[in-house]
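Everything below concerns the one structure shown next.
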Amino acid sequence: MMLIDTHTHIYMEAFDEDREEVIRNAASNGVEYMVLPNVDTETTARLKSVVNEYPEKLFPAMGLHPTSVKADYKAVLEGIEQEFQERKYYAVGEIGIDLHWDKTFLKQQQEAFARQIEWSLTYDLPIIIHARKSYNEIFQVLNTFKGQNVRGIFHCFSGSYEQAKKIADMGFLMGIGGVLTFKNSKLGETVRHFDLKYFVLETDAPYLAPTPYRGKRNQPAYVRLVARKMADIFNVEIENIAKSTTNNAAKLFRLENI
Ligand code: NI
Numbered sequence: 026m027m028l029i030d031t032h033t034h035i036y037m038e039a040f041d042e043d044r045e046e047v048i049r050n051a052a053s054n055g056v057e058y059m060v061l062p063n064v065d066t067e068t069t070a071r072l073k074s075v076v077n078e079y080p081e082k083l084f085p086a087m088g089l090h091p092t093s094v095k096a097d098y099k100a101v102l103e104g105i106e107q108e109f110q111e112r113k114y115y116a117v118g119e120i121g122i123d124l125h126w127d128k129t130f131l132k133q134q135q136e137a138f139a140r141q142i143e144w145s146l147t148y149d150l151p152i153i154i155h156a157r158k159s160y161n162e163i164f165q166v167l168n169t170f171k172g173q174n175v176r177g178i179f180h181c182f183s184g185s186y187e188q189a190k191k192i193a194d195m196g197f198l199m200g201i202g203g204v205l206t207f208k209n210s211k212l213g214e215t216v217r218h219f220d221l222k223y224f225v226l227e228t229d230a231p232y233l234a235p236t237p238y239r240g241k242r243n244q245p246a247y248v249r250l251v252a253r254k255m256a257d258i259f260n261v262e263i264e265n266i267a268k269s270t271t272n273n274a275a276k277l278f279r280l281e282n283i
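Following this line, the structure appears as structure tokens:
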């Protein structure tokens, strides 16, 4: 059985002590490959150096996270765009709009999101979307690109049936993580109405660890727990979940030989 963690931040300091073991542990749980989205200019060097250590297993994405979008975002984006000239990236991410913490830079967040979607078209890459209390604002920006074949993932999806329907209708995928396993989560009731072709699995490690590790450091191996829960919800074998989510991810990110 092979699983892909389509969203993990194992380049962060939280893994400095035991990164090699974490990657080995992932592999022994079937999680052979991982996609690593960038956050901002502070994380870029770390991201690249970790990916360079495991080039066969780790696939980097480059972008500016919405919570890092401030008044100076234009200059920051110029620097980040340079990265696409320097090496291969598999996606633009993570990008989007986050209105949970702070709405001060909403306009800048919308502009930075739109600008980075343009990159995805220029470089023919999928986008990894971070949406928090911002689905309507995200859909508004995406609507301005209608007909241009923007593709990607709504990472850490935990929205409503209507939002899921909209995402599926646009041809986007939903990234399902630890939230699915939480005790009072309604996500299982939502996702069961959709075909498995709309889903990929992720951890968002070190955040959002699934049950029974909720509140602890998350790690890519735990994708297996999310797959297990998906299998229960869809009433299929875990192998079916692995096969379909891995295929969906490989196709979206154009991972060859997987
Ligand atoms: Ni993330």
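All residue numbers for the sequence shown refer to the numbering used here, where the first residue is 26 and numbers rise by one.
Quick reminder that beta carbons are idealized off the backbone N, C-alpha and C, glycines included.
Residues near residue i by beta carbon distance below 7 angstroms, same chain, minus five either side
i: Ala304; result: Residue numbering for the chain in the displayed model covers 26 to 283; residue 304 lies beyond these limits and cannot be assessed.
i: Glu262; result: Ala256
i: Gln188; result: Tyr160
i: Ala193; result: Phe219, Tyr223
Delimiting residues of the beta strand (DSSP E) encompassing residue i
i: Asp257; result: Not the beta strand (DSSP E): Asp257 falls in the alpha helix (DSSP H), residues 248 to 259.
i: Glu81; result: First-last for Glu81: undefined, no H or E at that position.
i: Phe366; result: One cannot answer for residue 366 here, as it falls past the ends of the chain, which runs 26 to 283.
i: Gly172; result: Run containing Gly172: none; DSSP gives neither H nor E here.
i: Asp123; result: 116 to 123
i: Leu28; result: 28 to 30
i: Ile201; result: 198 to 201
Boundaries of the alpha helix (DSSP H) in which residue i is found, first to last residue
i: Arg157; result: That residue, Arg157, is in no alpha helix (DSSP H); its beta strand (DSSP E) goes 152 to 157.
i: Glu262; result: Careful: Glu262 lies outside any alpha helix (DSSP H) and carries neither H nor E.
i: Phe224; result: Counting along the chain, Phe224 falls outside any alpha helix (DSSP H), though it belongs to the beta strand (DSSP E) covering 224 to 226.
i: Leu131; result: 131 to 147
i: Glu214; result: 212 to 216
i: Ile192; result: 186 to 194
Close-in-space but distant-in-sequence residues of the same chain around residue i (CB under 6 angstroms, 5 per side omitted)
i: Leu277; result: Pro151
i: Trp144; result: Val117
i: Ala100; result: none
i: Asp191; result: Here the sequence assigns Lys to residue 191, which means Asp is not the residue at that position. Result list for Lys191: empty, nothing under 6 angstroms.
i: Tyr186; result: Thr215
i: Tyr148; result: Phe109
Check: residue i C-beta below 7 angstroms from any heavy atom of ligand 1
i: Ile125; result: Note that residue 125 is His in the sequence shown, not Ile. No, since every heavy atom of ligand 1 falls outside the 7 angstroms radius drawn around the Cβ of His125.
i: Asn65; result: In the sequence as presented, Asn is not what sits at residue 65; that position holds Asp. No; taking the cut-off as 7 angstroms, the Cβ of Asp65 has no heavy atom of ligand 1 nearer than that.
i: Glu264; result: no
i: Glu143; result: no
i: Asp41; result: no
i: Pro231; result: no
i: Pro235; result: no
i: Ser62; result: The residue asked about is misnamed: residue 62 is Pro in this sequence, not Ser. Yes.
i: Glu214; result: no
i: Glu119; result: yes
i: His218; result: no
8 angstroms contact criterion, which residue i and residue j should meet: CB distance rounded
i: Ile163; j: Ile122; result: 6 angstroms
i: Gly200; j: Thr31; result: 6 angstroms
i: Val91; j: Leu72; result: The residue you asked about is not Val; residue 91 is Pro in the sequence shown. With 8 angstroms as the limit, Pro91 and Leu72 do not qualify as a contact, their Cβ atoms being about 17 angstroms apart.
i: Leu131; j: Lys158; result: Contact flag wrong, Cβ pair sits at about 11 angstroms.
i: Leu198; j: Lys254; result: The Cβ separation is near 18 angstroms, so there is no contact.
i: Leu233; j: Cys181; result: 7 angstroms
i: Thr236; j: Lys211; result: That pair is no contact at about 15 angstroms.
i: Thr68; j: Gly104; result: That belief does not hold up - the Cβ atoms of Thr68 and Gly104 are roughly 13 angstroms apart, past 8 angstroms.
Close Cβ partners of residue i (< 8 angstroms) along its chain, the five nearest in sequence each way excluded
i: Asn174; result: Leu146
i: Leu28; result: Asn54, Gly55, Val56, Glu57, Leu226, Val248, Arg249, Ala252, Ala267, Thr270, Thr271
i: Ile120; result: Gly88, Leu89, His90, Pro91, Ala137, Phe138, Gln141, Ile142, Ile152, Ile153, Ile154, His155
i: Leu167; result: Ile142, Val175, Met195
i: Thr169; result: Ala139
i: Arg279; result: Tyr115
Proximity test, Cβ basis, 8 angstroms: residue i and chain E
i: Asn209; result: Although the question refers to chain E, the structure presented lacks it and comprises just one protein chain.
>> Suppose only complete runs of 4+ residues qualify. What are the alpha helix (DSSP H) ranges in the segment 40 to 78, listed by chain order?
In response: 44 to 53, 69 to 78
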